[in-house]
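Here's the structure, in structure tokens; my notes come after.
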Amino acid sequence: MPITRAARVLVILAACAVAGFGAAAPAAADPPGHVRAAITTLADSSTKTVTVTCPLGTVVTGGGAHLTAPSAAVQGYIAIERLEPRDDGKGFTATMIEAQLTGIAWRMTVATLCATPPAGWDVVAVTGPIGGSVVTVDCGTKNVIGMGGRINNGGGDVVLDKVAPSTSLKSVTARGSVIPGRHPGEWSVTAFAVCANVTGQLIQWPAPAGPAATKSANVTCEAGQALYSAGGEVAPGSGSVYLDMAQASDVNTAVARGNKAFGAAPPPWGVMVYGICG
């Protein structure tokens, strides 16, 4: 089972007029300057894109998004399309789409994880070929501390269902899957890696394959550490299961969730959550 740790003291810093904005920091920040900030949107039935910014003096190390509770009525309709650390370091952008139209109001929460700029900090990105579902970006001589992925020109017909670091923490892989029966145009996938000259610790946990409509997994950094970033994937990537949560739920815990698309009958599937701690 995932390793749990003592709860940290959280300090709410601000409120956002859009819906709710807050930032929480551990009592003894590790990594240095570590902070989580989040925004929850208003409820409506439309595609949503939100950027959460980092406090001055910090840079983005990772982030995430999730379909916000109460969400049961729209699970199986909503999917992640974008999880992107900004290359200027100022924050994290996420997009969620109605992969199937619902007419039901829903909300999403986007979070960014930030820290005092670590040595060698950089964001690198690679965009794959048109129609290519999997793309990998590497950090060269540096190490991965953060991850992201984005569907380009998917038109609501392609979902982002994998953002995962390599076990060596040298690269990040992102995957897009076409929803069965859809015919998107010239779409592509971009993978993002936040790189630095620091050594993080990869933690991961699976929810095993099976036929359930909803699966989730979570993992927590060990004592004395906090999250640089979070990621997740559903497997296999068929376009019939939507990743609707790949999120740092707090400064220590990463959570991923998948939901079977409404009306779909995918093969047995599972979900994996990833966290990078420092």
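All the letters of the sequence shown, read from the start, carry residue numbers -29 to -1, 1 to 249 under mature numbering (1 follows the signal peptide of the UniProt record, and there is no 0).
The C-beta atom is built at its ideal place from N, Cα and C for all residues, glycine as well.
Predicted model, so just to flag it, every value in this text is computed and none were measured.
Assignment of beta-bridge partners to T18 by DSSP yields no partner. At least 8 angstroms separates the beta-carbon of H37 from that of T66. Considering only P3, P151 and M216, the residue with the shortest C-alpha distance to M243 is M216. V95 sits close to A164, with the two beta carbons spaced by under 8 angstroms.
Here DSSP, grouped into helix, strand and coil, assigns V45 to helix. Between the region 129 to 149 and the region 170 to 185, the count of C-beta pairs closer than 8 angstroms reaches three or more; the two stretches touch. The DSSP assignment places 79 to 86, 93 to 98, 105 to 109, 114 to 123, 129 to 136 and 142 to 149 as complete runs of the beta strand (DSSP E) inside the region 76 to 157, in order along the chain (cut-off: 3 residues).
In this structure the region 3 to 20 does not touch the region 94 to 113; the number of beta carbon pairs closer than 8 angstroms is below three. The beta carbon of N168 sits closer than 6 angstroms to those of A90, G91 and K113, all from its chain and outside the five residues before and after it, given in chain order. Look at the beta carbons and you see the region 228 to 237 not touching the region 118 to 125: under three pairs across the two are nearer than 8 angstroms. For the options C85, S209 and V130, the alpha carbon positioned closest to that of I49 is the one of V130. As the crow flies, the alpha-carbon of T87 is around 6 angstroms from that of P3.
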